[in-house]
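Please read the structure below before turning to the comments.
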Amino acid sequence: MCNYPKAFEYYEKAMKTREKIMPENHRDLAESYSDMGQVHNDLCDYSKALEFYEKSRKIYEQVLPPNHPDLAVSYNDIGQVYNNMGDYLKAFEFYEKDLNITKKVLPPNHPDLGTSYNFIGQMYNKMGNYSKALESYEKSHEIYEKSLPPNHLSLAASYICMGLVYKNMGHYSKVLEFYEKSHKIYEKTLLSNHPDLATSYNNIGQVYNDMGDYSKALEFYEKSRTIYEKTLPPNHPNLATSYNEIGTVYFTMGDYSNALEFFEKSHKIYEKTLPSNCHNLATSYNNIAAVYNTIGDYSKALEIYEESHKLYKNALPPTHPNLATSYIFIGQVYKNIGDYAAALKALQSAFNIQQKTSEEGNPAFASIYSWLGRVYYSMKDYSKALNYFQKCLSINQKTLPERHPSIGITFSNIGNVYRQMDDYDQALLSHQKALNIQENVQCNPLEVATTYINLGETYREMKDYPTALIYYQKGLEIHQKKLPKKHPDLAVTFHNLAKLYLSTQQYDMAMKKVQQALKIAQEKLPSNHPYLLEYRETFEKIQENVN
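In terms of the numbering used here, the sequence shown opens at residue 2 and continues consecutively.
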């Protein structure tokens, strides 16, 4: 692990000595400024990092030829700081300067040129231009293949980069293909307990998690954790990442107590190893808050999200994408509390940040529009909800593959709005469009289950009870296969079935299902959770008919 205070002390001493004995434009002084910039960057103090890197750059520009490789390195360093600050356009500008020099001074198949293309690919990926990202990554990979041995670690890293783009595009089978290619290289070149091999297991676990294969995801995450625990100090950040990933699987599976345990283990490591103003600490808070939000402890969730938000505000520029995401999380909690004005205010703040840093059609806007749609849906302002869901859909259709899982989710949300507007034909059409995607691509099975249940709700309201029952049972079958027996989402499905049986006057079945819903909810949700209150209300209605 890096000893940042010691490094800072050493570099600062060297810098002050050089400042005393050297001319202000001496190359060695530029090197000292660059070292100081690197330490500040590692400490998440980006404004200071930029200040020192700029000092270094000015000297290099004065004393070096315009195409000198050291100048390219300087541009790359500055690009990395802007990248960390979330200013991807500015980062791209400096990475491009680095690339232009590197192309002029190095042979066309030099590995450093591959690295320069790699940085360009990163920026395109973060800005949502996935075709351009792949193009740059493939140029990088082609250079590596020509200039490096077939099992070189840079090739393994290159496969991961391309896999990340396919992940953003929702092509999970393609992601798995690239991650496994990378993993084979690691297995051939590294010791069986090397931390980089653990990171590779972690990457593969993420794909299985995205695909909804949680047992497989846990299997790979546990392999990763075993290596980290054997080879790293107990407070190493990679171990925190490992605990976080395991927590994420438990969270998705609805095992919130285990999720919280692992998120808190992760957070304790970050608290011990990261600077108090580091934005990674804020991200860790978000994971813990997400658990409290999901189990209905909204005051606790809001408290932690706001703590996270303060860290982001102190550590990041006011237009950093993480700040926008933070506002979205806060908006979600206010929506759940029913404070829709506060939710809209938070989401508007997120929108304002994205507007300053991204073009209108950037994929980042899709998430904001989706949550605005959900807030207006909860407010029963269905025309506005529909407008925002359609805006979300428009961006997704322009930036994602035709059958991306996110498009399926948006169609399903649109279907729910049409159902509330009593436009059942459009509701069924939208849900069917969602299913056409979800049943034909490798996506999270729980998303398919949600669409089945939404279709069930639509047919129930249309009083087509036999068809409603078919879709409820399809959704329930997936939930029972993929979720723990006491997952709150199972309670939702049991409650839907109870309402259906109530409508068809099958009161014994209705009572059985509502009791199943209540049993889960009473154990897993707080006593004042809206779902629990709704289930009790349905129970009372059924009881009236039974008596």
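In this text, a Cβ means the ideal position worked out from N, Cα and C, and glycines have one as well.
Here the stretch 331 to 344 lies against the stretch 368 to 379, with 3 or more beta-carbon pairs under 8 Å apart. By the neighbour-count definition (other C-beta atoms within 10 Å, threshold 16), Q544 is an exposed residue. Counting only the Cα atoms, Y145 lies some 8 Å from H111. Between the stretch 151 to 171 and the stretch 422 to 430 there are fewer than three inter-stretch CB-CB distances shorter than 8 Å, so the stretches are not counted as touching. Residue state for S193 is assigned as coil, using DSSP reduced to three classes. By the CB criterion at 8 Å, I521 and A492 fall inside the cutoff. Per DSSP, V74 is one residue of the alpha helix (DSSP H) stretching across P70 to M86. In this structure, N546 is the residue among N546, N68, K475 and I471 with its C-alpha nearest to the C-alpha of Q507. A direct Cα-to-Cα measurement between A241 and E265 gives close to 9 Å. Judged by DSSP in its simplified three-state form, L51 adopts helix. For the pair T539 and T494, the Cα-to-Cα distance works out to about 13 Å.
Annotation: the continuous alpha helix (DSSP H) that includes L114 extends over P112 to K127.
For H280, the enclosing alpha helix (DSSP H) stretches over residues H280 to T295.
Look at L387 here: in three-state DSSP terms it is helix. Under a 10 Å Cβ-count criterion, L51 is classified as buried, with 16 or more other Cβ atoms of the shown protein chains found around its own Cβ. The alpha-carbon of S395 is positioned some 40 Å away from that of K147. Restricting attention to C279, E188 and N126, the CA atom closest to the CA of H310 is found in C279.
Fewer than three beta-carbon pairs drawn from the stretch 343 to 351 and the stretch 66 to 84 are found closer than 8 Å, and the two stretches are therefore not classed as touching. Contact between V442 and P406 holds, since their C-beta atoms are separated by about 7 Å, short of 8 Å. Per DSSP, reduced to three states, the secondary structure at N497 is helical. With contacts defined by Cβ atoms closer than 8 Å, G80 and D99 form a contacting pair. Annotation: the continuous alpha helix (DSSP H) that includes S407 extends over P406 to Q421.
Between N437 and M212, the beta carbon gap of about 19 Å keeps them out of contact (Cβ cut-off 8 Å). In the three-state reduction of the DSSP assignment, S309 falls in the helix class, which pools H, G and I. Here the alpha carbon of F263 sits roughly 28 Å from the alpha carbon of K127. One thing to note: P402 has its Cβ within 8 Å of the Cβ of H172.
DSSP, reduced to helix, strand and coil, places G248 within a helical segment of the structure shown. With 16 or more other CB atoms across the displayed protein chains lying within 10 angstroms of its CB, M170 is buried.
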